[in-house]
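Asks: This is the structure I have questions about; it appears just below.
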(Lines of atoms letter the chains of each structure in order from A and count residues from 1; the text may use other names and numbers.)
(Lines give C-alpha, C1' and ligand atoms only; values in the text may rest on other atoms or scores of the structure.)
Protein backbone atom coordinates (compact mmCIF):
# COMPACT_ATOMS: atom_id res chain seq x y z
CA UNK A 1 0.00 0.00 0.00
CA UNK A 2 1.64 3.24 -1.17
CA UNK A 3 1.38 6.41 0.81
CA UNK A 4 0.47 9.36 -1.37
CA UNK A 5 0.08 12.26 0.99
CA UNK A 6 -0.98 15.76 0.10
CA UNK A 7 -0.19 17.13 3.52
CA UNK A 8 -0.09 15.79 7.05
CA UNK A 9 -3.89 15.80 7.33
CA UNK A 10 -5.15 14.24 4.08
CA UNK A 11 -4.01 11.01 2.50
CA UNK A 12 -5.04 10.18 -1.06
CA UNK A 13 -6.67 6.73 -1.08
CA UNK A 14 -5.04 4.15 -3.36
CA UNK A 15 -6.38 4.26 -6.90
CA UNK A 16 -7.82 7.78 -6.56
CA UNK A 17 -6.82 10.78 -8.65
CA UNK A 18 -6.26 14.04 -6.77
CA UNK A 19 -8.42 17.01 -7.75
CA UNK A 20 -7.34 20.31 -6.25
CA UNK A 21 -10.05 22.92 -5.98
CA UNK A 22 -9.37 26.64 -6.11
CA UNK A 23 -12.51 27.24 -4.08
CA UNK A 24 -15.03 25.11 -2.28
CA UNK A 25 -17.62 23.84 -2.15
CA UNK A 26 -18.23 22.80 -5.76
CA UNK A 27 -21.33 21.07 -7.08
CA UNK A 28 -20.99 17.36 -7.85
CA UNK A 29 -22.08 17.56 -11.50
CA UNK A 30 -19.40 20.20 -12.16
CA UNK A 31 -16.62 17.89 -10.97
CA UNK A 32 -17.69 15.20 -13.45
CA UNK A 33 -17.97 17.78 -16.23
CA UNK A 34 -14.65 19.54 -15.56
CA UNK A 35 -12.78 16.23 -15.26
CA UNK A 36 -14.25 15.07 -18.61
CA UNK A 37 -15.80 11.98 -17.02
CA UNK A 38 -18.91 12.98 -19.01
CA UNK A 39 -19.35 15.04 -22.15
CA UNK A 40 -21.65 17.72 -20.72
CA UNK A 41 -23.30 19.07 -17.61
CA UNK A 42 -26.59 17.57 -18.75
CA UNK A 43 -25.03 14.13 -19.01
CA UNK A 44 -23.45 14.59 -15.57
CA UNK A 45 -26.85 15.39 -14.07
CA UNK A 46 -28.36 12.35 -15.80
CA UNK A 47 -25.79 9.85 -14.49
CA UNK A 48 -26.01 11.30 -10.98
CA UNK A 49 -29.80 11.18 -11.03
CA UNK A 50 -29.62 7.56 -12.20
CA UNK A 51 -27.58 6.60 -9.13
CA UNK A 52 -24.37 5.80 -11.00
CA UNK A 53 -22.14 8.10 -8.91
CA UNK A 54 -20.75 7.41 -5.43
CA UNK A 55 -19.72 10.15 -3.02
CA UNK A 56 -17.72 8.93 -0.04
CA UNK A 57 -18.74 5.35 -0.91
CA UNK A 58 -22.49 6.08 -0.94
CA UNK A 59 -24.81 6.39 -3.96
CA UNK A 60 -25.51 10.08 -4.49
CA UNK A 61 -28.47 11.34 -6.53
CA UNK A 62 -28.28 15.05 -5.65
CA UNK A 63 -26.93 16.70 -8.79
CA UNK A 64 -25.91 19.84 -6.93
CA UNK A 65 -24.46 18.05 -3.90
CA UNK A 66 -21.78 20.28 -2.38
CA UNK A 67 -18.35 18.65 -2.60
CA UNK A 68 -15.44 19.77 -0.42
CA UNK A 69 -12.00 18.78 0.85
CA UNK A 70 -11.73 15.12 1.84
CA UNK A 71 -14.66 13.91 -0.29
CA UNK A 72 -14.24 11.03 -2.75
CA UNK A 73 -16.19 10.63 -5.99
CA UNK A 74 -16.49 7.43 -8.02
CA UNK A 75 -18.05 7.09 -11.47
CA UNK A 76 -17.33 4.11 -13.73
CA UNK A 77 -13.53 3.70 -13.70
CA UNK A 78 -12.97 7.28 -12.50
CA UNK A 79 -12.07 7.79 -8.84
CA UNK A 80 -11.40 11.28 -7.52
CA UNK A 81 -10.16 12.60 -4.18
CA UNK A 82 -11.00 16.25 -3.51
CA UNK A 83 -8.66 18.71 -1.81
CA UNK A 84 -8.58 22.48 -1.55
CA UNK A 85 -5.46 23.80 -3.28
CA UNK A 86 -2.79 25.34 -1.06
CA UNK A 87 -2.91 28.44 -3.28
CA UNK A 88 -6.68 28.81 -2.97
CA UNK A 89 -7.93 31.83 -1.14
CA UNK A 90 -10.78 31.70 1.29
CA UNK A 91 -13.68 33.78 0.09
CA UNK A 92 -13.91 37.03 2.01
CA UNK A 93 -17.32 37.94 3.34
CA UNK A 94 -19.01 40.65 1.33
CA UNK A 95 -18.92 44.06 2.93
CA UNK A 96 -22.37 45.32 3.88
CA UNK A 97 -23.76 47.88 1.47
CA UNK A 98 -24.02 51.38 2.80
CA UNK A 99 -27.52 52.74 2.48
CA UNK A 100 -27.72 56.43 1.84
CA UNK A 101 -30.77 58.32 3.03
CA UNK A 102 -33.03 59.68 0.33
CA UNK A 103 -32.44 63.29 -0.62
CA UNK A 104 -35.54 64.69 1.04
CA UNK A 105 -36.11 68.22 2.21
CA UNK A 106 -37.36 67.82 5.78
CA UNK A 107 -39.43 71.00 5.52
CA UNK A 108 -41.49 69.54 2.66
CA UNK A 109 -42.37 66.34 4.53
CA UNK A 110 -46.02 65.88 5.42
CA UNK A 111 -47.45 63.78 8.24
CA UNK A 112 -49.04 60.48 7.21
CA UNK A 113 -52.48 61.74 8.24
CA UNK A 114 -52.17 64.64 5.77
CA UNK A 115 -51.21 62.25 2.97
CA UNK A 116 -54.27 60.10 3.68
CA UNK A 117 -56.54 63.14 3.48
CA UNK A 118 -55.01 64.16 0.14
CA UNK A 119 -55.66 60.67 -1.27
CA UNK A 120 -59.40 60.91 -0.51
CA UNK A 121 -59.95 64.14 -2.44
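Residue numbers (this note's numbering): 9 to 129.
The C-beta atom is built at its ideal place from N, Cα and C for all residues, glycine as well.
#1: Count Cβ pairs between the region 50–63 and the region 73–85 that sit closer than 8 Å; are there 3 or more?
#2: Within the continuous alpha helix (DSSP H) that includes residue 91, where are the two ends?
#3: State the Cα-Cα distance for the pair residue 15 and residue 94, rounded to the nearest angstrom.
#4: When the Cα atoms are used, what is the spatial distance from residue 42 to residue 107?
#5: For residue 70, which of 46, 36, 50, 45 has the nearest alpha-carbon?
#6: What does the Cβ neighbour count give for residue 52, buried or exposed, with the cut at 16 atoms within 10 Å?
#7: When you compare only the Cα positions, how much space is there between residue 48 and residue 26?
#8: What number of angstroms, rounded off, separates the C-alpha of residue 74 from the C-alpha of residue 34?
#9: Classify residue 68 as buried or exposed, calling it buried when 16 or more other Cβ atoms lie within 10 Å of its own Cβ.
#10: Keeping to the same chain, check which residues put their C-beta closer than 7 Å to that of residue 76; ignore five residues upstream and five downstream.
#11: Considering Cα atoms alone, identify which of 20, 24, 58, 40 is closest to residue 87.
#12: From the DSSP secondary-structure annotation, give me the bridge partner or partners of residue 73.
Replies: If we stick to the structure as given:
#1: yes
#2: Counted from its first residue, the chain shown places residue 91 at position 83. Residue 91 -> not in any alpha helix (DSSP H); beta strand (DSSP E) instead, spanning 86–92.
#3: The residue labelled residue 15 in the question sits at position 7 within the chain shown. The residue labelled residue 94 in the question sits at position 86 within the chain shown. Any reading at residue 15 must be qualified, since the residue scores a pLDDT of 46, below 50, and its modelled position is unreliable; no value is offered.
#4: As a first step, residue 42 must be located in the chain shown, where it is residue number 34. As a first step, residue 107 must be located in the chain shown, where it is residue number 99. Answer to the nearest angstrom: the Cα atoms are 40 Å apart.
#5: As a first step, residue 70 must be located in the chain shown, where it is residue number 62. Cα-wise, what sits closest to residue 70 is 36.
#6: By one-based count along the chain shown, residue 52 stands at place 44. With 16 or more other Cβ atoms within 10 Å, it is buried.
#7: Here residue 48 refers to the residue found at position 40 when the chain shown is read from its first residue. Here residue 26 refers to the residue found at position 18 when the chain shown is read from its first residue. Each residue's alpha carbon lies about 21 Å from the other.
#8: For the purposes of this step, residue 74 is taken as the residue at position 66 of the chain shown. For the purposes of this step, residue 34 is taken as the residue at position 26 of the chain shown. Rounded to whole angstroms, residue 74 to residue 34 spans 6 Å at the Cα level.
#9: Within the chain shown, the letter at position 60 stands for residue 68. Buried is the label assigned to residue 68, since at least 16 other Cβ atoms lie within 10 Å of its Cβ.
#10: Taking the first residue of the chain shown as position 1, residue 76 is located at position 68. Only 32, 33, 90 meet the Cβ criterion.
#11: The residue labelled residue 87 in the question sits at position 79 within the chain shown. Checked all of 20, 24, 58, 40; the closest Cα to residue 87 is 24.
#12: The residue given as residue 73 occupies position 65 in the chain shown. Answer is none; residue 73 lacks a bridge partner.
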